[in-house]
Amino acid sequence: MAKKQSDRRQEPAGSAAGSREQLIEALNGDLSREYQAIIAYVVYSQMLKGAQYMTIAKELELHAKQELDHALTIAKQIDYLGGTPTVEPKPVRVSSRAEEMLRFDLDNETDTIRNYRERVRQCEALNEFAMAEEIREILRVEQEHQIDLATALGEDVPPASKR
Ligand SMILES: [Fe+2]
Ligand SMILES: [Fe+2]
Numbered sequence: 000m001a002k003k004q005s006d007r008r009q010e011p012a013g014s015a016a017g018s019r020e021q022l023i024e025a026l027n028g029d030l031s032r033e034y035q036a037i038i039a040y041v042v043y044s045q046m047l048k049g050a051q052y053m054t055i056a057k058e059l060e061l062h063a064k065q066e067l068d069h070a071l072t073i074a075k076q077i078d079y080l081g082g083t084p085t086v087e088p089k090p091v092r093v094s095s096r097a098e099e100m101l102r103f104d105l106d107n108e109t110d111t112i113r114n115y116r117e118r119v120r121q122c123e124a125l126n127e128f129a130m131a132e133e134i135r136e137i138l139r140v141e142q143e144h145q146i147d148l149a150t151a152l153g154e155d156v157p158p159a160s161k162r
């Protein structure tokens with residue numbers, strides 16, 4: 000039986016295989032990232048100063064509300080699976096420099112997108128197709144966030160295969 004455990008650990012990182020318990024744990028990681036995003040967007044949207052950042056500051060206020068919707072959706076899925084939604088956000092980095100704040104957000108969105116792609120695969124492997132759909136919808140919004148931030152930083156979003 001111990002052998003089985005170690006076999007599982009040797010599965011490739013991108014493997015869609017996994018149990019419902021692993022999915023609950025992974026979704027709680029997602030929920031922590033959503034809390035982190037809510038806090039970051041609430042704070043950064045008010046800290047960005049200067050005429051050139053007014054448009055993106057408004058966008059970030061909208062992001063904050065969308066991240067709250069995501070947190071509620073993810074918490075609902077955790078509860079449905081029989082888990083307990085976490086109360087812990089991932090740590091939020093702070094900076095007084097506008098560019099650095101936007102960079103933190105962009106990095107977090109890229110990390111979030113990578114995680115949700117994996118989550119869609121995990122849900123489908125467990126035949127949780129409706130849940131996979133919910134997560135795809137979140138993923139679509141996160142990709143918009145990523146584009147908003149990259150645009151504000153004057154960068155292109157790399158193709159999905161390179162992220
Ligand atoms: Fe989100
Ligand atoms: Fe986002």
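Position one of the sequence shown corresponds to residue 0 (numbering that gives the first Met the number 0), numbered consecutively onward. Even glycine gets a Cβ: it sits at the ideal position worked out from N, Cα and C.
Around the CB of residue 54, fewer than 16 other CB atoms lie within 10 Å, so the residue is classed as exposed. DSSP, read as helix, strand or coil, puts residue 86 in coil.
Taking 7 angstroms as the cut-off, the C-beta of residue 151 does not count as close to any heavy atom of ligand 2.
With a threshold of 7 angstroms, the Cβ atom of residue 36 counts as near ligand 1, since some heavy atom of the ligand is closer than that. Taking residue 89 as the centre and dropping the five residues before and after it, the same chain places the C-beta of 31, 32, 35 closer than 6 angstroms to its C-beta, in chain order.
If you draw a straight line from the Cα of residue 59 to the Cα of residue 41, it comes to about 8 angstroms. Residue 66 has its Cβ nearer than 7 angstroms to a heavy atom of ligand 1. For residue 40, the enclosing alpha helix (DSSP H) stretches over residues 19-46.
With contacts defined by Cβ atoms closer than 8 angstroms, residue 63 and residue 94 do not form a contacting pair. The continuous stretches of alpha helix (DSSP H) do not include residue 154, and DSSP gives it neither H nor E.
Taken atom to atom, the span from the alpha-carbon of residue 47 to that of residue 96 is near 8 angstroms.
If you compare the alpha carbons of 148, 18, 67, 115 with that of residue 106, the shortest gap goes to 148. Sequence-distant partners of residue 151 (beyond 5 residues in either direction) whose C-beta falls short of 7 angstroms from its own C-beta, in its chain, are 55, 101. In this structure, residue 82 sits near residue 23, with a CB-CB distance shorter than 8 angstroms.
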